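Same order as they appear, the protein sequences are chains S and W. The numbering used here numbers the first residue of the first sequence as 129 and each following residue consecutively. The numbering used here numbers the first residue of the second sequence as 991 and each following residue consecutively.
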Amino acid sequence: AQSVTQLDSQVPVFEEAPVELRCNYSSSVSVYLFWYVQYPNQGLQLLLKYLSGSTLVKGINGFEAEFNKSQTSFHLRKPSVHISDTAEYFCAVSEGRDDKIIFGKGTRLHILP
Amino acid sequence: NAGVTQTPKFQVLKTGQSMTLQCAQDMNHNSMYWYRQDPGMGLRLIYYSASEGTTDKGEVPNGYNVSRLNKREFSLRLESAAPSQTSVYFCASSAYGGANYGYTFGSGTRLTVV
Chain S
129 AQSVTQLDSQ
139 VPVFEEAPVE
149 LRCNYSSSVS
159 VYLFWYVQYP
169 NQGLQLLLKY
179 LSGSTLVKGI
189 NGFEAEFNKS
199 QTSFHLRKPS
209 VHISDTAEYF
219 CAVSEGRDDK
229 IIFGKGTRLH
239 ILP
Chain W
991 NAGVTQTPKF
1001 QVLKTGQSMT
1011 LQCAQDMNHN
1021 SMYWYRQDPG
1031 MGLRLIYYSA
1041 SEGTTDKGEV
1051 PNGYNVSRLN
1061 KREFSLRLES
1071 AAPSQTSVYF
1081 CASSAYGGAN
1091 YGYTFGSGTR
1101 LTVV
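Below, the structure written as structure tokens:
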């Protein structure tokens, strides 16, 4: 069965600095990978997804992620964060196009002024 | 432009009481899901319905039942609430499954069991 590990529960970063949120997955088959964002007191929104093709995936709000099959990782990056990026970020995996999605435990991004 | 609508938004129950959380989507999606979110635990899948007329257990189904009433509606029932079921519950839907289309989430139901 697939699983997702988000290596940091909280990440503090200064405004306008770059950030990387780490995600590793385990699966015995090919996977589909996602990053979702949850702003305070809201539901989750899809940031980006990797299904196939280019390993560098660009999403909304200037975020991007890189799929690395050999390291079973799908880290999320942004070159310059803004206070509005304060949220919890979830990495997720699915083993099939029609399969359910399994979420990681989340990483809280704190933007410092 | 409703998307996924969950009711109620907040609920307080006494231990042993029952209640049903309602979820409806207006996007003609085939698949619907119920997750619970607890601090430090992320989202855990309770039950899902890949298509109308089918339901399957997820990671944490104990203490819950579901009904896929029709294509639009997917309800979650707590027959005898326990304090361990205090959580935020999210309903989600997708067109044919998670990977191709991702999920659309509702805004959540915050449930407290005392």
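C-beta atoms are modelled at their ideal positions from N, C-alpha and C, and glycine is treated no differently. Note that this is a predicted model, so its numbers are computed, not measured.
Annotation: the continuous beta strand (DSSP E) that includes I1036/W extends over 1032-1039. Distance from the CA of E1063/W to the CA of C1013/W, rounded to the nearest whole angstrom, comes to 6 Å. When the Cα atoms are used, Q166/S and Y1038/W turn out to be separated by approximately 21 Å. The DSSP-derived three-state label of Y1093/W is coil. C151/S and K197/S have their alpha carbons spaced roughly 12 Å apart. For K228/S, the nearest CB of chain W lies under 8 Å from its own CB, placing it at the interface with that chain. Around the C-beta of T235/S, 16 or more other C-beta atoms lie within 10 Å, and the residue is accordingly described as buried. Among the residues of chain S, none has a CB under 8 Å from the CB of L1066/W; the nearest is roughly 15 Å distant.
A Cβ of chain W is located within less than 8 Å of the beta carbon of G234/S. Contact with chain S is absent for L1011/W, since none of that chain's Cβ atoms lies less than 8 Å from the residue's Cβ.
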